[in-house]
Amino acid sequence: MNLQRDRSAWLHGPEKVCQVQPLHPAQCRRFVLLGAPGVGKGTQAALLSAAFGACHLATGDLFRRAQACDPATLSPGLRQAVTAMQAGHLVSDETVLQLLLERAACLTCQGGFILDGFPRTVAQAAALDVILGQRNTPLECAISYELDPDALAARISGRRTCPVCHGVYHLLTRPPREPDLCDICRAPLTLRADDWPEAVRVRQQAYLAATHCLRDYYADRDLLLPIDASGTPEEVFGRTITALTERAAAPDA
Ligand code: AMP
3 MNLQRDRSAW LHGPEKVCQV QPLHPAQCRR FVLLGAPGVG KGTQAALLSA AFGACHLATG
63 DLFRRAQACD PATLSPGLRQ AVTAMQAGHL VSDETVLQLL LERAACLTCQ GGFILDGFPR
123 TVAQAAALDV ILGQRNTPLE CAISYELDPD ALAARISGRR TCPVCHGVYH LLTRPPREPD
183 LCDICRAPLT LRADDWPEAV RVRQQAYLAA THCLRDYYAD RDLLLPIDAS GTPEEVFGRT
243 ITALTERAAA PDA
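With our numbering, letter number 158 in the sequence shown gets 160, and the count goes up by one each step, no holes.
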């Protein structure tokens, strides 16, 4: 069964209404995904979304959408965000939180959610706790995908994305059916502007500088679920499902 959601309200803003079949509250999953750029969070998020029906909510997709717009139509905050993103820097907490708050309905969605790329700083994590606490929609856990830096660099250089549907491919591990064309929209696949080698180096440094405390933040709250991200997407997904099942079966879960 493929339960993937349409994500309209996330991608296009709160005025759009998603087609959501509410899940039974016990089946409604709410995750944060942690991991360095290139580790495969987006791929795992898509697999988790298909398995559990929770929407894949990637903050990076919001900034890439803004990048594709006419700059004259963007707010000053979003224009600055696009400039920061193109250089591989993090966008300000203020701008990210504003976008998240505009989409707060996605966090109470009866389909659940998988946050990818957010939070990236402890300040964002603390703000998320407040937002979720007010809405009584607690996180199930923060799944942290972990891989050594050399393997990360190799993985990111083969990544290709669809500029239309944001589908993610990899030249070695997840090639499109036809070379360089998206399986779904048949649009030519691209190397994301922030996946060029120089931007990748800056992004990985920005990630490490900003997120080394995030693991501790979630570990202190007994919400951290570390996953070895080596191997194929299917292997990593299998490890994720096993770890989630074991966690749910643990006596104090
Ligand atoms: P990603 O696709 O998650 O790697 O995000 C791409 C880029 O968007 C990042 O390199 C940042 O410039 C920006 N970005 C996405 N999410 C955040 C966030 N939570 N905080 C700050 N910047 C972000």
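We put the CB at the ideal spot given by N, CA and C, even for glycine.
Computed from a predicted structure; not experimentally measured.
At the level of alpha carbons, what is the spacing between residue i and residue j?
| i | j | result |
| --- | --- | --- |
| PHE54 | ASP150 | 28 angstroms |
| GLN207 | ILE116 | 24 angstroms |
| CYS137 | GLU237 | According to the sequence as given, residue 137 is Arg; it is not Cys. Using only the alpha carbons, I get a separation of about 34 angstroms. |
| ILE243 | ARG205 | 28 angstroms |
| GLU142 | GLY62 | 22 angstroms |
| PRO235 | ASP196 | 22 angstroms |
| ALA252 | ALA245 | 10 angstroms |
| TRP198 | PRO228 | 28 angstroms |
| CYS167 | TYR219 | 33 angstroms |
| ALA129 | PRO181 | 42 angstroms |
| LEU80 | VAL124 | 22 angstroms |
| ALA155 | GLY44 | 16 angstroms |
| ALA86 | LEU92 | 6 angstroms |
| ARG249 | ASP224 | 11 angstroms |
| SER146 | LYS18 | 31 angstroms |
Would you call the CB atoms of residue i and residue j closer than 8 angstroms?
| i | j | result |
| --- | --- | --- |
| GLY90 | ALA201 | yes |
| LEU191 | CYS184 | yes |
| CYS108 | LEU59 | yes |
| ARG241 | ASP230 | yes |
| LEU49 | ALA144 | no |
| GLY113 | CYS30 | yes |
| ALA68 | ALA47 | no |
Is it buried or exposed, residue i, if we count other Cβ atoms within 10 angstroms and call 16 or more buried?
| i | result |
| --- | --- |
| GLN23 | exposed |
| GLY119 | buried |
| MET3 | Low local confidence applies: a pLDDT of 41 at MET3 is under 50, so the model's placement there is unreliable, and no value is given. |
| ARG179 | exposed |
| ARG161 | buried |
| ARG188 | exposed |
| VAL170 | buried |
| CYS71 | exposed |
| VAL34 | buried |
| CYS57 | buried |
| ASP254 | exposed |
| CYS111 | buried |
| THR97 | buried |
| PRO73 | exposed |
Taking C-alpha atoms, which residue in the options lies nearest to residue i?
| i | options | result |
| --- | --- | --- |
| LEU210 | CYS20, GLN29 and GLY37 | GLY37 |
| ARG194 | ILE158, ILE229, LEU92 and VAL41 | ILE158 |
| ALA221 | THR234, ALA127 and SER77 | ALA127 |
| PRO121 | GLY113, LEU102, CYS111 and GLY114 | LEU102 |
| ALA106 | PRO16, ASP254 and PHE239 | PRO16 |
| SER51 | THR85, GLU248 and PHE239 | PHE239 |
| LEU64 | GLU148, ASP254 and PRO165 | PRO165 |
| THR256 | ARG176, ARG223 and ALA68 | Since the first residue of the chain shown is 3 and the last is 255, residue 256 is not available in this structure. |
| ALA28 | ALA153, GLN69, GLY233 and PRO140 | PRO140 |
Helix, strand or coil: which one does DSSP assign to residue i?
| i | result |
| --- | --- |
| THR290 | One cannot answer for residue 290 here, as it falls past the ends of the chain, which runs 3 to 255. |
| LEU186 | It is worth fixing the name first, because residue 186 is Ile in this sequence and not Leu. Residue state, collapsed to three classes: coil. |
| ALA144 | strand |
| HIS58 | strand |
| ARG66 | helix |
| PHE120 | coil |
| LEU50 | helix |
| ASP95 | helix |
| ARG161 | strand |
| LEU2 | An answer regarding residue 2 cannot be provided, because it is not within the stretch 3 to 255 covered by the chain. |
| ARG223 | coil |
| LEU36 | strand |
Is residue i near the ligand MN, going by C-beta to nearest heavy atom under 7 angstroms?
| i | result |
| --- | --- |
| THR163 | This structure lacks the ligand MN; the ligands present are the ligand AMP. |
For residue i, decide whether its Cβ has a neighbour in chain C, counting only Cβ atoms nearer than 8 angstroms.
| i | result |
| --- | --- |
| ALA56 | The structure shown has no chain C; it contains just one protein chain. |
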